[in-house]
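Heads up, the thing below is written out as C-alpha cells.
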Amino acid sequence: MQTSVAGLFRLAEMLERLGIRGRLLLAFFGISALAVLATVAALYAFLQVGDVVDRITTDRVPSALASLQLSRQAERVAAAAPSVLAATSRAQHNEVSAAVALEMSRLEALRTDLRDATLGTVPLAEIEEAAIVLRRNLKELDSLVVARLDVVARKEELLNRLAATTTGSQRLVATGILVMDSRLPQWRAVAADTSLSPDRRAAAMADLVQAIAAYIPQQKAQREISAVNDALVKVANAPTPGDLALILFPLRRSLTALEKASMEIDEKLRTRFRQRVDEFKGLTDGEDSIPKAREDEFAVLAQGERLLAENNRLSRNLTAGVDRLVATADQEIAASGREAALVQRYGTAVVLGSAFLSLLSSVLVVWLYVDRSLLARLGAVSQGMLAIAGGDLRAPLPAAGSDEIGRMAEALSLFRDTAVEVEEKNLRDVEEARQRLVDAIESISEGFALYDREDRLVLSNSRYRELLYAGLEAELTPGTAFEEIIRRSAERGYIRDAEGRVDEWVAERLWLHRNPGEPWVQRRGDGRWIMISERRISAGGTVAVYSDITELKQREENLAEKSTALEALSSKLAKYLAPQVYSSIFTGRQDVRIASQRKKLTICFSDIAGFTETTDKMESEDLTQLLNHYLTEMSKIASDHGATIDKYVGDAILMFFGDPETRGVKEDALACVQMALAMQKRISELTEVWRDMGIETPLRCRIGIHTDYCTVGNFGSEDRMDYTIIGGAVNLASRLEQEAAPGAIIISYETFAQVKDTIDCEEMGHVQVKGIAYPVATYRVIDLKANLADACRGVRTELPHFRLELEPELMSADERGGAATALRDALDRLSHKPGQ
Amino acid sequence: MHRVIAIAILVLVAVFSSARAEVLIGVSSALTGRLAWFGEQGQRGAEMAVADINAKGGVLGQQMRLITADDFCDPEQAVAAAQKLVGDGVVLVVGHYCSGASIPASKVYEAAGVLQISPGSTNPLLTEQGRANVFRVIGRDDAQGIVAGNYLAENWSDKRIAILHDGTTYGRGLADETRKQLNKRGVVEAIYEEYTPAKNDYSAEIASLKAANIAVAYVGGYHAEVALMVRAARDRGYTVQLVSGDGMATEEFALIAGPAAEGTIFTFPADARRNPEAASVVERFRAENFEPAGYTLFSYAAVQAWSQAVEKAGSLKLQAVIASLRGNQFDTVLGRIDFDDKGDLTTQNWAWYVWRGGEYVPVE
C-alpha cells in the first residue's frame, strides 16, 4: 500500500517534470490509441459486409437477373405466334417470321448465358425441353402460314380467271343480242304497216321467228353464265365445308344447262364458246378448281387452330418453368440479404463500442487535466491581455510560475509596463501636432474652415470669422452645422443674393457646398466680394478657403465702363468710313498710318444729271431728305456688290473696287459694271417714289467707269488722314461720267476689255481727256448678255485669221445691205478651195 | 448458335424478297361494252407477250405480271382506270385503245412517272401534248385521213359523198382529216353530219342519206354503229358504199352486219399477221381458237418494244427507258420499228381492206 502510494507520488513528480507539452502529448496518445482500436474494429466489420455483398453481386444477382430476362423473353415468344398467323401477305409473313425467329434466337442466347452464369443450382432442364418443343411448334406454324398464303394466292388467281372467262363468254353472246335489238324496230314497223302485201308480212314474220329461235339460246346462255359465275364466287367465300357442298349442286346443274345451250350458239362462235364452257368446268371440278382451293383453305385453317392451341400450351409450360427459375433466384437473393444484415449488425455493435470508449477517455482527459490545470490559468492570462488591449493598464495579472503559462504571465506584466510608458508619450505628441496646425491656419491671410463628414464645423481661423461673420464669432463653435451657420448669416442680411429668398439661397448654397467645383464669387451685404473655394478631402469632410477680392472686382468694373464708351465711339466713327476700311482697321489688318501703294483698281463715278436745277426750288429739309435717301440706296447697292465708297461729293459718289480687298482685276471690273447696272435700275424704280414726293423731273444718273493703276492708301497729316485714291484714272472716270448721257453708263476700253464676255456694250467713239495724251475709246453699257434675247444680241466670232462683230439691231438698212454684200463675198471666197 | 440462326434468317429474307420482286404491267382498254372485242384483242396480245418474255427469263431477270383495268372507252372512266393502275405500282401501261380514253389518261401517267404505249389510239393529239412518257405503235389519223381522202377523191369524185362522225375524239378527228384532204383534192362532200353512237337502230340516218341520193358515205366511228348502218341500208335495198377507218378491224363487225358486211372498205396499218416475225405467235393464237386480228399484234409489239428498251437501258427508271425507246430500233411482230421524239412510229403504212365472207382481206 505504501509502495503504491509512493509510486503514485513518484509518477506525479515525473508528470510535473514533463511540463504541459509532455502531459498533453501523453493525453492525446491515449485518446488516439482508443480511436485506432475503434477504426480497426469498424474496418473488420466492413470487410465482412463487403464479402457478403460480393457474394451476392457476383453469384446470385446475375443469375436472378438472367432468369428474369429469360422470363420476359419467353413471354414475348409466346405472344409471337398469333402475329405469325395474322400475316395476310407474303412480304408481311416474311417480316413477322424473321422477327419471331429473332426473338426465339434471343431466348436461346439467354438460356445459354444463364447456364454459364449459374453453377447447376438452377432447374434449367425443364426450360430447355419446353423451348425445343416450342421452337418446333413455331416452325410448323410458320410453314402452315406459308401454305395458307399459297392457297389464298391460288384462290385469287382462280377468281381472276373466272372473271376473265365470264367477261369473255358474255362478250360472245352480246353480239347476237345487239343484232336482235337493232332489228326489233324493223319488225315493229312491218307489223304496223298494213299496206304491205301479205307475202311480205309473212316473210317478215318468218324472219322474226327464225331470229327469235337463234336469240333464245344466247339469252339462256347469258343467264347460265351469270349463275355459274355467282355460284363460283359464293364457293370461294363459303363459310363452312358444309356450305360448300350445298352450293356445288346448283352449280353443276347450271354448267350442264350452259353446255346444252352452247350447242345452239351460232356456229362461228361455237368453238370459242365451248372453250369458255370448258374453262368454267375446269374451275368447278378437278385439282385446279375453286371448290378444291376453298377446301384446302379450310384444311389449313383447321391445322392452324390446332397448332395455335398447342402453342398456347407450350408457351404456358415455358413460362411456368421460367417462373420457377425466377422464384429460386428470389429465394437466393433473400438469403443473401439476411446474411448481409447479420454481418452488418455485428460490425455496427463493434464500431459503436469502440467509439463510446474513445469518447469516454477523451472526456476524462479533458475534464481532469486540460480544464482544471490548463484552461483556468490560460483564462486568467487571456483576461489580463483583454484588459490591457481595452486600455485598462492597471488590471490584476496572474502570478508567474515555472511552466509555460507561468512564463506567459511574467511576459504579460513586462508588456504592460512598456505599454504604460508608450501611451504617455503618444499623448504629448498629439497635443504638439494640433497646436502647430492651429498656428499654421491662423497665420494665412484667407479665411479657412474645415467641416466634417456631417458638415459640422471642425476648425476655423480667426480670419474666417472676422471676414464672414463679424459679430457672430461667439456662435461659431466647433460642431455647429454648416446649414445653421449660413442660414443665420443670410437672415441677418450678410448675403446680398439671399435678400428676400433665404430658404432658396440656403438650398443653392448647400448644393454648391456638397458638389464643390471651380472657385466662385459671393457678394456680401456690405458690398465686399468674397471668392469661395471649397474642396472635398479624402476623409470625407470639406475644406473651404475664403478670399476678399473686392478691390480686384472694382478695377474690373472700371475697365468695362471704359470699354463700352470706346465701343460706342467707334461705331459712330464707322459711319464716316467705308465699311471695308473700317473693318480692316478695327480687325487690325491695316495700320492707321500714312502709307500708300499702287494697285489696279476699277473706279466708278456717279452723278445725278442736272441735280442743281431739279432741286433748286426745294426746301433745305426736303433736299437733305432726298439726298440722304438717294445716297443710302446707292450705298446699299455699292456695299452689296463689294464696292469701297471713297467719298460723297454732294450728289456725286466716288467708289472703287480692288482695295482693301480684291477678287481679281477681272472680277472687280465685272462687279463694278454689274453694280452700275443695278444702280440705274434702282433709280428708275425710285422715280415713282420721288414723284410722289413732288419731284416732277425724274432724277437720272450718269455713271463713268474706268480700270487702271492708281495709288491707294492714307493721305493727309499725322493728325488727320483720309483713305482715298489718287491718279489720272480718277480724273478719267470723272470725265467718262460727264460724257455719259443721263441714265447711261460709259466705260473705258480697259474696263470693256475685262467685261466684254459677260456684258453687252456698244462702242461710242473716242474722247480727249485732259492730262492724257491720246484719245480714250469709250463704250456704252447695254446690259448683261444673259439678259438679252438672242435676236438682239450681236454676233461675235474670233478665230485665227477671222474676226466678226455684228450688231444687226444697231444697223440702218443701208448698213445692213453693205454688210450682207461683204458676208456674201466672204462666203464665196471661203467656198473656193485653196489653190484654185 | 443463335448467331448462326440469325444469319440464316437474314439470308432467307433476302432470298425471298428478291425472288418476290416482280414488274407490274398494266393493260387498260374497253374490256366490256360495245368495244369489248377490241379490249380482248389488246388484252390477249399483251398476255401472250408477257407469257413469252417471262418464259425467256423476264426483263432484267425479273418476272412481269399483268394487271387489267376496264376503261369502257370513256374519258372519265379512263382516268379512274389509270389511277388504279398507278396505285398498284405499274411501270408500263399498254393502252388505252380509244383516243378519247388515252389522252386524259396520259396526264395521270405523266404525273406518276409511268410509261404509256398505246396499241390503238390514232388521234394526233395524243403525242402532240408534249408528254415524254407517251408512245404508240400505230399510225396517226392525219396520215390515215390523207390516205382516205385521196381514195375518195380518186374513185368517187363524180358521186355524192357524205361524211359522218360519231363525235368522239377518234371519230370526229378522223372524219375531219379525211374531209380536209378530200376538199384539198377539189372534191366537196354533199353532207357532213354527226350521229349519236351506242344506239341500236340507225334506219333514220340511212333513210336521210338515201333521200339525199348519197352514193358513198365515209364514217368516222367504231365498228358496231357502222355495222348497224350497213345492215339497215341493205335491208331497204340501198347500195350505198360505206368507207371507214381502223376502228373496223374486228370480226364482230361481220357478226353484227351479217351478209351486209360484204364490200365495206376501211383503212388499217399493213396486216401484221402476214409478217414472218409474227408467224409463230399467230399460229399459237389460232391454236387457242383466237384470231389475232386488229390490234392484237400491236399490243404484243408494245410489250416487246418496251422489254427490249428496258434491257438496252439496263434499268427500269422512266427517263432511262424513254431515252432507250427514242434511241433504239426494236424487232417486234410488226417488223423492225423505231420512234421519233414525240413517241410516234417513224414509218406508217396505211392500207385498204374489204370485208369478204366474214373476214377482212386486203383490197387488190
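Keeping their order, the protein sequence lines are chains A and B. Under numbering that gives the first Met the number 0, think of the first position of the first sequence as 0, with each following residue one higher. Under numbering that gives the first Met the number 0, think of the first position of the second sequence as 0, with each following residue one higher. From the three backbone atoms N, C-alpha and C, an ideal C-beta is built for every residue, glycine too.
Beta carbon proximity, residue i to chain E, threshold 8 Å
i	result
residue 227 of chain A	No chain E appears in the structure shown, which is made up of the protein chains A and B.
CB of residue i within 8 Å of CB of residue j, strictly
i	j	result
residue 351 of chain B	residue 362 of chain B	yes
residue 298 of chain B	residue 265 of chain B	no
residue 492 of chain A	residue 483 of chain A	no
residue 782 of chain A	residue 759 of chain A	yes
residue 289 of chain A	residue 106 of chain A	no
residue 317 of chain A	residue 73 of chain A	yes
residue 545 of chain A	residue 465 of chain A	no
residue 77 of chain A	residue 332 of chain A	no
residue 208 of chain B	residue 256 of chain B	no
CB-CB length for residue i against residue j, believed under 8 Å
i	j	result
residue 261 of chain A	residue 279 of chain A	Residue 261 of chain A to residue 279 of chain A, Cβ: 10 Å. No contact.
residue 295 of chain B	residue 40 of chain B	4 Å
residue 226 of chain B	residue 252 of chain B	5 Å
residue 418 of chain A	residue 385 of chain A	With a Cβ gap of about 13 Å, residue 418 of chain A and residue 385 of chain A do not count as contacting.
residue 23 of chain B	residue 87 of chain B	6 Å
residue 307 of chain B	residue 48 of chain B	Contact doesn't hold; Cβ gap of about 11 Å is too wide.
Endpoints, the alpha helix (DSSP H) within which residue i is located
i	result
residue 216 of chain A	197-235
residue 379 of chain A	375-388
residue 404 of chain A	403-442
residue 633 of chain A	619-640
residue 545 of chain A	Where residue 545 of chain A is concerned, there is no enclosing alpha helix (DSSP H), although the beta strand (DSSP E) it sits in stretches over 541-547.
N- and C-terminal bounds of the beta strand (DSSP E) containing residue i
i	result
residue 97 of chain B	From DSSP, residue 97 of chain B is part of no beta strand (DSSP E); its letter is neither H nor E.
residue 358 of chain B	358-361
residue 69 of chain B	62-69
residue 459 of chain A	456-459
residue 747 of chain A	744-747
residue 449 of chain A	446-450
residue 193 of chain B	190-193
residue 179 of chain B	Where residue 179 of chain B is concerned, there is no enclosing beta strand (DSSP E), although the alpha helix (DSSP H) it sits in stretches over 168-183.
residue 240 of chain B	240-243
residue 674 of chain A	Run containing residue 674 of chain A: none in the beta strand (DSSP E); it sits in the alpha helix (DSSP H), 664-692.
Counted within 10 angstroms of its Cβ, other Cβ atoms place residue i as buried (16 or more) or exposed
i	result
residue 450 of chain A	buried
residue 38 of chain B	buried
residue 138 of chain B	buried
residue 751 of chain A	buried
residue 708 of chain A	exposed
residue 564 of chain A	exposed
residue 627 of chain A	exposed
residue 827 of chain A	exposed
residue 34 of chain B	buried
residue 342 of chain B	buried
residue 5 of chain A	exposed
residue 8 of chain B	Any reading at residue 8 of chain B needs caution, since the residue's pLDDT is 49, under 50, leaving its predicted position unreliable; the model's value is listed next. Residue 8 of chain B comes out buried.
residue 520 of chain A	exposed
residue 43 of chain A	exposed
residue 388 of chain A	exposed
residue 332 of chain B	buried
Selection from the options that minimises the alpha carbon distance to residue i
i	options	result
residue 120 of chain B	B/211, B/195, B/149, B/293	B/293
residue 517 of chain A	A/9, A/534, A/612	A/534
residue 365 of chain A	A/24, A/549, A/828	A/24
residue 113 of chain A	A/328, A/294, A/736	A/328
residue 125 of chain B	B/148, B/94, B/153	B/94
residue 180 of chain A	B/55, B/45, B/230	B/230
residue 158 of chain A	A/185, A/191, A/287, A/47	A/287
residue 145 of chain A	A/311, A/88, A/543	A/88
residue 342 of chain A	A/50, A/683, A/735	A/50
Any non-hydrogen atom of the ligand FAD closer than 7 Å to residue i Cβ
i	result
residue 154 of chain A	Because no ligand of any kind appears in the structure shown, any question about the ligand FAD cannot be addressed here.
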